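Residue 13 in UniProt numbering sits at position 13 of the sequence shown, with consecutive numbering throughout. Cβ atoms here follow ideal geometry from the backbone N, Cα and C, with glycine treated the same way. In this text, all values refer to a predicted model and were calculated from it rather than measured experimentally. Below you'll find the structure, written out as structure tokens, and then a few comments.
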Amino acid sequence: MNLSPTLSTAISNFQLPDPLGFGRVTGPVMFVADYINGAWQAGELMTYEPIALNPAATSLQFAQQCFEGLKAFWVEQDEPALFRPDENAKRMARSAERLCMPEVPHTLFLDGVKAVTQAMKPLIPRRSGESLYLRPMLYGMDTQYPLAGSDNFRFAIVCSPSAAYFAKPISVLVERDACRAAVGGTGDVKAGGNYAGSIQATRRCIERGYDQPLWLDPVERRLIEELSAMNICAIIDGALCSPALNGTILPGITRATLLTLADDLGMPALEQPIDINSLLDDIDSGRCSELFACGTAAIVNPIAVLADGQRITRLQQVDAEAARFKAALLGIQEGRSADSRGWMFNS
Ligand code: PLP
Ligand code: COI
């Protein structure tokens with residue numbers, strides 16, 4: 001790939017941090033394509049830099065914005081490979097529709113992530129568990145004081161060479177005050193506003209010594225939904241269980257992948273409502289042997305503690321089944337196992 005001299009220099013001069021961590025650095029490359037007067041313009045690869053945005057733009061005023069997260073892996077493969085980018089393109093199309101933004105054509109989405117991945121080749125980590133985290137985003141550019149929404153938009157992709165979101169088993173605190181999403185809202189799409197509304201509870205939970213809040217359904221506050229930045233899975237009676245998608249949970253691509261991989265691991269997979277009180281009792285009785293978080297950034301991350309107010313429940317088993325799922329997932333992503341379902345895309 002031919003890069004401009006400025007871009008080549010920026011890439012050669014870039015230093016990766018040690019330890020790498022998650023999202024500690026932004027790669028020196030970005031991809032930008034504009035939607036102007038009803039048509040997508042050609043995309044451009046450029047040096048990562050601040051971009052001008054009118055302070056009265058709908059993305060800043062009204063959060064008319066959505067994003068995606070996906071990864072390029074380059075461990076065992078000859079070339080970096082993308083994991084299920086078609087699913088991210090589809091989810092971004094759903095988010096865009098919900099937020100009154102134009103769909104980013106799949107070819108533009110894929111060309112963009114491939115261009116960033118190829119340019120970033122010298123900076124893609126090759127150690128297992130590390131990858132290039134790509135963050136496509138779409139946002140309104142027009143100045144609007146009445147609530148009307150933009151006509152012109154920008155699609156941009158930034159990236160971060162990264163390890164997993166957490167480097168250890170996490171502890172999770174049931175969120176009893178705030179709600180993340182309601183049916184008919186935007187919880188099931190990847191709108192930045194969902195995350196803005198989650199920051200307060202996430203911070204509160206970190207201040208209390210936990211890693212992530214566990215969101216409950218907004219009506220009865222009884223059914224578990226997901227964590228602030230990842231989905232949740234439980235092993236109950238030997239089956240992989242994840243809360244049924246009910247219109248408020250983000251349909252995670254990792255979650256869907258694990259539910260499919262369960263079959264390969266000889267385990268039944270269930271999507272069902274999971275009551276928080278039953279879950280805590282099931283952990284105490286041993287019916288629920290394990291809990292873990294899953295997501296693009298998180299990969300598969302064991303949960304060691306689940307706390308609900310003063311009731312602090314320790315999982316008897318941590319990272320046995322989670323480790324099997326993680327190995328199966330990373331095996332495909334990193335090119336050690338056959339990709340029989342066509343999940344990996346050339347970059
Ligand atoms: N739920 C939330 C709120 C998330 O931010 C994420 C991360 O993207 C997920 C779930 C997991 O989704 P995926 O596996 O597609 O990354
Ligand atoms: C991802 O896993 O891609 C996410 O978007 C979670 C993010 C909030 C770190």
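Asn-301 counts as buried, since at least 16 other C-beta atoms from the protein chains shown sit within 10 angstroms of its C-beta.
Counting of Cβ neighbours within 10 angstroms places Thr-296 among the buried residues, the total reaching 16 or more.
Taking 4 residues as the minimum length, the alpha helix (DSSP H) runs contained wholly in the stretch 218-267 are 253-264, in order along the chain. By the Cβ rule, the stretch 326-338 counts as touching the stretch 74-84, because three or more pairs are nearer than 8 Å. In this structure, Ala-297 has its CB closer than 6 Å to one or more heavy atoms of ligand 2. In the three-state reduction of the DSSP assignment, Leu-53 falls in the coil class, being assigned neither a helical nor a strand state. Here the alpha carbon of Glu-97 sits roughly 12 Å from the alpha carbon of Gly-149. Around the Cβ of Leu-53, a 10 Å sphere holds fewer than 16 other Cβ atoms; the residue is exposed. The beta carbon of Gly-43 is closer than 8 Å to those of Phe-31, Val-32, Ala-33, Leu-108, Asp-111, Gly-112, Ala-115 and Phe-155 in its chain, skipping five residues each way along the sequence.
Distance between Leu-132 and Ala-93, taken at the CA atoms: about 22 Å.
Inclusion of Gly-69 in the 6 Å shell around ligand 2 follows from its C-beta lying nearer than that to a non-hydrogen atom of the ligand. Where Asn-277 is concerned, the enclosing alpha helix (DSSP H) starts and stops at 276-285. For Thr-143, there is no enclosing beta strand (DSSP E), as DSSP gives it neither H nor E. In this structure Pro-243 does not touch Glu-220 by the C-beta definition: roughly 14 Å separates them, more than the 8 Å allowed. Look at Glu-175: its beta carbon is at least 6 Å from all of the heavy atoms in ligand 1. The closest heavy atom of ligand 1 lies 6 Å or more from the beta carbon of Thr-143. Secondary structure of Glu-207 (DSSP, three-state): helix.
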